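K.L.:
In my numbering, the protein residues as written are 16 to 788.
(1) Determine the direct distance from the alpha carbon of residue 484 to that of residue 612, and round the result to whole angstroms.
(2) With a cut-off of 8 Å on the beta carbons, I'd call residue 713 and residue 472 a contact; round off their distance for me.
(3) Considering only the beta carbon of each residue, do residue 626 and residue 646 sit closer than 8 Å?
(4) Helix, strand or coil for residue 104 per DSSP?
(5) Residue 165 to residue 400, Cα distance in whole Å?
(6) Using a 10 Å radius around the Cβ and a threshold of 16 neighbouring Cβ atoms, would you call residue 89 buried or exposed?
(7) Quick check on residue 91: does DSSP put it in helix, strand or coil?
(8) What are the start and end residues of the beta strand (DSSP E) that includes residue 477?
(9) Could you tell me which residues DSSP pairs with residue 460 in its beta bridges?
(10) Which same chain residues, not among the five before or five after residue 708, have their C-beta less than 7 Å away from its C-beta?
(11) My understanding is that residue 652 touches residue 631, with C-beta atoms under 8 Å, so please give their C-beta distance in whole angstroms.
(12) With distances taken from CA atoms, which of 319, 342, 347 and 312 is nearest residue 325?
(13) Can the beta-carbon of residue 496 be found less than 8 Å from the beta-carbon of residue 600?
(14) In chain order, what residues of the same chain have a beta carbon less than 6 Å from the beta carbon of residue 259, not counting five sequence neighbours either side?
(15) In terms of DSSP beta bridges, what is residue 192 paired with?
(16) From this set, 132, 213 and 109, which residue's C-alpha is nearest residue 188's C-alpha?
(17) Which word fits residue 290, buried or exposed, when buried means at least 16 other C-beta atoms lie within 10 angstroms of its C-beta?
(18) If you follow the alpha helix (DSSP H) that residue 491 is in, where does it begin and where does it stop?
(19) Output the distance between the C-alpha atoms of residue 157 and residue 748, rounded to the nearest integer angstrom.
(20) Do the region 566 to 581 and the region 589 to 599 touch if we need at least three Cβ pairs shorter than 8 Å?
(21) Hey, quick one: how far does the alpha helix (DSSP H) through residue 134 stretch, first residue to last?
(22) Are the beta-carbon atoms belonging to residue 635 and residue 584 less than 8 Å from one another?
(23) What are the partner residues of residue 691, as DSSP defines its beta bridges?
(24) Could you compute how far the alpha carbon of residue 354 sits from the alpha carbon of residue 340?
(25) Quick check on DSSP: helix, strand or coil for residue 783?
(26) Terminal residues of the continuous beta strand (DSSP E) containing residue 581?
(27) Between the region 349 to 363 and the region 310 to 321, do three or more beta carbon pairs fall short of 8 Å?
(28) Suppose you measure from the CA of residue 93 to the CA of residue 107; what does that come to, to the nearest Å?
(29) If residue 534 sits next to residue 513, beta carbons under 8 Å apart, how far is it from one beta carbon to the other, in whole angstroms?
(30) Count Cβ pairs between the region 303 to 315 and the region 269 to 286 that sit closer than 8 Å; are there 3 or more?
(31) So residue 467 and residue 728 are in contact, right, with Cβ under 8 Å, and what is the actual spacing, rounded?
(32) Quick one: give me the first and last residue of the alpha helix (DSSP H) that residue 745 is part of.
(33) Between residue 138 and residue 233, what straight-line distance do the alpha-carbon atoms span, to the nearest angstrom?
(34) Using only the alpha-carbon positions, how far apart do residue 782 and residue 603 sit?
(35) What does residue 416 pair with, by DSSP beta-bridge criteria?
(36) What number of angstroms, rounded off, separates the C-alpha of residue 426 from the C-alpha of residue 173?
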């Protein structure tokens, strides 16, 4: 064997950027790493000297029976379609079924802006001025009199070429792919319509003499460059908005990835401590966690006592005391004392990593609702193309001379008038107005699917901590006994707790100060982590803590046993106070129910929605809160996976499920639910996993959001009706169906009028929602 400090194996190179796996810990290593060993004609690379020494001590334990431990790690992220998860490929691209841009299956913190979003923004902003000029010329050029109409045609052509052939090129590619893959969609229609309009206008510009005299107006054959430009610019704008919204789906996972600390403080075998990257932590390492730091990985406490805030992972609202032998979870916060722990699960084995995986899987398994416009467009495309072909054949065989010129013109006219200007605005306009209206009421929709699906919801799963309740400990009451009044118990306990960093102590001190209680400085203070605190206040010896501490100081708490049990049944944590060895009373700290919660649940029940509570809190506390709020179906002590399973179970029963929560532990269920609802007062992870955020954390917003959902979907249907109505009226005219009776054929006036009325109707109807109640 060769130590890397003495010899580098001559044939090992890294010119292609290949990577290998450390045979000891399994981490990915880029040669030369922290060491190299040639063993049994195979090259091994290591992430640290520690792994190198372990391998050198006993190679047979790590080399395995095949050289697979040194096979290069395959690079390149897997990309998938948000609407068709079965489409998977290495690297970015476009879905062959719907034309959507593919997204990374599991994003990373290093991801930059979506390259397609960047590209579409450039195409839109660079050509928008050209679109404006072309449109103004088409509408007002003859009135301005700046140039002849023939010259204006050439100017419109020159300006529209970059719009069509550069800005609109991705749409033609997608339209072509939709034909190749036999999957007609909006891109088929947009590609055919704009392509036909552009080619027709180019012929009219370069060879106007091929058209009959009746097609000339004001000295030129009418062209449709402005229609092509406007359609492409509007479509680009819609794509930019959609890509921005879709990029938020990865924000949840990025928020989760950002929870873990970047470094850990490792204690070496010689007792020397050093800060190392989290990726260098191995199973069995001793790590020190100081107050205010996050637990780096999952493990067990070896030394020290402290209280950890695990609320974002477990749903437990109160900090949990930890002593030697207790398990700790990575990414949770150490609030007070110093701890020494041994790492047991690292990388993908940690609880946080498993939650990340669940969020990713839930997001990909939830197929977005197929938009109504896309469904109808699939049939509409085929119908329009068939009508266009039929028009060409009928006019060519039976039309007046020159019959085949009329045939070509009218067939193209059908495609032109069918090009869906208003159809592109129908749903986006409704969505934009609805989201703006909802935002003014503290309701943030993340995408159109949430608005469409919320009206169908008939089952709601709610988390307790931070959703039904405030999510932070608050002083409940103090009860004195004998010569000690309630106020005196609070004053003494708060005075002693001024020396404690524990969040429960902070709640007691804060309550005393809010009530104007004059506090005394503790003369002595001693913390017995996990059971309470001791000290001296005003010359009196005080002990404040649980029954274990009271037993240690020889004080009986039987006098207030019933009161204590009652408070616990209501979900409160109880602490006892002893003064100079005498029982003085108790104090209770609880997570109070939000004042708006009862009204919100009543409204939801009246709407016929089944409400289920699922919390990481104890079952006794959960049932107590459920009883107060009239929730009959309650689940306590549930983990993130349990909440996810509950969502799936209700979905299998036929329910359309909404999930409301505020913590990291809710993220998988929020992502899996038909509609995820996050509290704006909770974590970024919850908000990024959800499709709907209630900024004020008020559950009453769900009923308001459902009303907006119902109204918006109704408005979208109306808009689609307007969009297709003008197409339906315009296509027969373009096809020449009325020519034998009226002599009507497609003219610029008819085309412009139909498109203008269609777009105006859609916009006006959508804006009408702003004033609705």
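Using N, Cα and C, we set each Cβ at its ideal position, and we do this for glycine too.
Quick caveat: nothing in here was measured; it's all calculated off a predicted structure.
P.N.:
Taking the geometry as given:
(1) 8 Å
(2) Not a contact, Cβ separation roughly 17 Å.
(3) yes
(4) strand
(5) 31 Å
(6) Bear in mind that the predicted position of residue 89 carries a pLDDT of just 33, short of 50, making it unreliable; the figure below should be weighed with that in mind. With fewer than 16 other Cβ atoms within 10 Å, it is exposed.
(7) Low per-residue confidence applies at residue 91: pLDDT is 46, beneath 50, and the placement is therefore not dependable enough to give any value.
(8) 474 to 477
(9) 707
(10) 459, 693, 695 and 702
(11) 7 Å
(12) 347
(13) yes
(14) none
(15) Answer is none; residue 192 lacks a bridge partner.
(16) 109
(17) exposed
(18) No alpha helix (DSSP H) holds residue 491; the beta strand (DSSP E) holding it covers 489 to 495.
(19) 26 Å
(20) yes
(21) 130 to 159
(22) yes
(23) 674
(24) 11 Å
(25) helix
(26) It is not in any beta strand (DSSP E) - residue 581 instead sits in the alpha helix (DSSP H) that spans 576 to 584.
(27) yes
(28) 8 Å
(29) 6 Å
(30) yes
(31) 6 Å
(32) 715 to 750
(33) 33 Å
(34) 53 Å
(35) Bridge partners of residue 416: none, in fact.
(36) 25 Å
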